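Residue numbers (my numbering): 109 to 609.
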């Protein structure tokens, strides 16, 4: 019995040791997890601020956000909305089918990396590139900033000279509408550098011979310099520096206009009418000198394609979701998808997403498409507003395949040519429309009023066009075959109506 009792005691001791090991293991795991989460939270510290950027895809999703209490009933939603929340809220939103990303403002990024160049340095670099490549680079001041009257510049890159200074389709790359988004500015500068330093390469030479490439690197110089030059903590300033109450004192709580809610397309439906909000749309469409600068350039150049670089979200945004379907919807989605497929996210192997814009807001991309049929996109670069400047070269390089695709695509499937007076050979201000083109919210495709030149991108296929102009007989051009690999050239003449010769 004693020996049996001793065996039982030994067994119990082994059992106690077994349970003790389990308890200690659980304790160690718990402490390890606690340390890990403490470290994770510390390294992802956001001060008082964890922001989730939400991209509702429809009015139903906006209503769902209100029911889920992510936004207030009276809150206006544009193409995205930023709300305070928890990290797990992103899972909740994604499970509900509503795309979202986290905006993290960490300890390491409370101030802007001092290596980011100020606006004066950007202008100096452009001047240097112009001086070194004056055969293909022209710089034009297209306006002045609203508050501090800084010059807003546009860089035109194209081959000039004998036989090359002809009418060409224009493509626009722009950035810097929002002060807190410097990555796009660097992307635009990278485009200029790449084009001018590689102009001898056959592909680049082809672009510069056949296209007029325009780059507006920073549309909001006042706002950009306010963030960069002052190395602000929590650099969340978005707007320009418009003195809304005209007291000659800049007051961040109430001044500034969101330039990308100031364009004249559904202006009254987008942004906010409250000056203290980040999305204040201004007192009227195109009230800001910065937006007027871009509008005037677009009215003159009538861009075939345009990209507006923003941050962040690693997404390609396109016109539009909650407005009447764009006549070019299939083409727009096709180009957006091909563009996104060439842009790699920071998580290697993942490509950019495509997201339709909110049509109920005064944004540049929506306005450009509605006014000129410009295939206009917003590219949300990177996964944070202010990455370390040492990361910029990689971010800029990551956009180049997208730029290459867009420039090549501009020279591919579509139609171009001139509409001329049958007897005089002079250009005609005409409307050229395909059978699917008619829309109450999108202007018809027009020729240049002076030269009659037109240029339009299409999907490959067979088309019928109606050509009309005041005082001229209407003409139908049937069975136009548009190939995939090149632009189809058309030469169209219109006869005057009797009494209008």
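Virtual Cβ for every residue (Gly too), placed ideally from N, Cα, C.
From a predicted model like this one, the values you see are computed outputs, not experimental measurements.
C-beta atoms of residue 306 and residue 300 nearer than 8 Å: Taking the chain shown and counting its residues from 1, the one referred to as residue 306 is at position 198. Taking the chain shown and counting its residues from 1, the one referred to as residue 300 is at position 192. Cβ atoms of residue 306 and residue 300: not closer than 8 Å.
Who are the near neighbours of residue 568 in its chain, counting only those whose CB is closer than 7 Å to its CB and skipping five residues on each side? Here residue 568 is taken as the residue at index 460 of the chain shown, counted from 1. Counting only Cβ-Cβ distances below 7 Å, and skipping sequence neighbours, we find 521, 590, 591 and 592.
Could you tell me the alpha carbon to alpha carbon distance between residue 656 and residue 220, rounded to whole angstroms? Nothing can be reported for residue 656: it is not among the residues displayed for the chain, which extend from 109 to 609.
Go ahead and label residue 469 buried or exposed: buried means 16 or more other beta carbons lie within 10 angstroms of its beta carbon, across all protein chains shown. Here residue 469 is taken as the residue at index 361 of the chain shown, counted from 1. By the neighbour-count rule (16 or more Cβ atoms within 10 Å), residue 469 is buried.
By DSSP, does residue 257 sit in helix, in strand, or in coil? Walking along the chain shown from the start, residue 257 turns up at place 149. Three-state result, residue 257: coil.
Just mark residue 595 as buried or exposed, buried being the case when its beta carbon has 16 or more other beta carbons within 10 Å. Translated into the one-based positions of the chain shown, residue 595 becomes position 487. Residue 595 is buried by the Cβ-count criterion.
For residue 464, list the residues DSSP reports as bridge partners. Indexing the chain shown from 1 puts residue 464 at position 356. Residue 464 is bridged to 426.
For the alpha helix (DSSP H) holding residue 446, just list the boundary residues, first then last. Here residue 446 corresponds to residue number 338 of the chain shown, with the count starting at 1. Per DSSP, residue 446 belongs to the alpha helix (DSSP H) from 437-449.
Please go through the same chain and pick out, in chain order, the residues whose beta-carbon is closer than 6 Å to the beta-carbon of residue 354, but skip the five residues on each side of it. Position 246 of the chain shown, counting from 1, holds the residue named residue 354. Hits under 6 Å: none found.
Taking contact to mean 3 or more Cβ pairs, one atom from each stretch, closer than 8 Å, check whether the stretch 414-433 and the stretch 471-478 are in contact. yes
At 3 residues or longer, and completely inside the stretch 389-425: list those beta strand (DSSP E) runs for me, N to C. 413-419
Nearest to residue 455 by alpha carbon, out of 421, 436 and 466? The count along the chain shown starts at 1 and reaches residue 455 at position 347. Ranking the options by Cα distance to residue 455, first place goes to 421.
Could you work out which residue in 516, 257, 587 and 575 is closest to residue 600 when comparing CA atoms only? Against the chain shown, residue 600 aligns to sequence position 492. The residue with the shortest Cα to Cα distance from residue 600 is 575.
Which residues bound the beta strand (DSSP E) around residue 345? Working through the chain shown from its first residue, we reach residue 345 at position 237. Where residue 345 is concerned, there is no enclosing beta strand (DSSP E), given that its DSSP letter is neither H nor E.
Within 10 angstroms of the Cβ of residue 257, are there 16 or more other Cβ atoms? Answer buried if so, exposed if not. The count along the chain shown starts at 1 and reaches residue 257 at position 149. Looking at its Cβ environment, which holds fewer than 16 other Cβ atoms inside 10 Å, residue 257 is exposed.
Cα separation between residue 350 and residue 558? As a working mapping, residue 350 is identified with position 242 in the chain shown. As a working mapping, residue 558 is identified with position 450 in the chain shown. For residue 350 and residue 558, the distance between alpha carbons rounds to 37 Å.
Considering only residues of the same chain and omitting the five flanking positions on each side of residue 217, which have a CB-CB separation below 6 Å? Locating residue 217 in the chain shown gives position 109, where the first residue counts as 1. Low local confidence applies: a pLDDT of 46 at residue 217 is under 50, so the model's placement there is unreliable, and no value is given.
Where the alpha helix (DSSP H) containing residue 299 begins and where it ends: For the purposes of this step, residue 299 is taken as the residue at position 191 of the chain shown. Per DSSP, residue 299 belongs to the alpha helix (DSSP H) from 290-305.
Exposure label - residue 383; buried when at least 16 CB within 10 Å: For the purposes of this step, residue 383 is taken as the residue at position 275 of the chain shown. Its Cβ being crowded by 16 or more others within 10 Å, residue 383 is buried.
If I'm right that residue 326 touches residue 293 with Cβ under 8 Å, what's the distance once you round it to whole angstroms? Counted from its first residue, the chain shown places residue 326 at position 218. Counted from its first residue, the chain shown places residue 293 at position 185. At roughly 5 Å, the Cβ-Cβ gap stays under 8 Å, so residue 326 and residue 293 are in contact.
Sort out for me which residues DSSP pairs residue 524 with in a bridge. For the purposes of this step, residue 524 is identified with residue 416 of the chain shown, where counting begins at 1. DSSP lists 563 and 597 as partners of residue 524.
The alpha helix (DSSP H) spanning residue 507 covers which residue range? Position 399 of the chain shown holds residue 507. First-last of the alpha helix (DSSP H) with residue 507: 500-518.
On a CA-only basis, which of 551, 554, 580 and 281 is nearest residue 487? Give me that one, please. Within the chain shown, the letter at position 379 stands for residue 487. It is 281 whose Cα lies nearest to the Cα of residue 487.
Residue 576 (DSSP reduced to helix, strand or coil): In the chain shown, residue 576 corresponds to position 468, counting from 1. DSSP places residue 576 in strand when its eight states are reduced to three.
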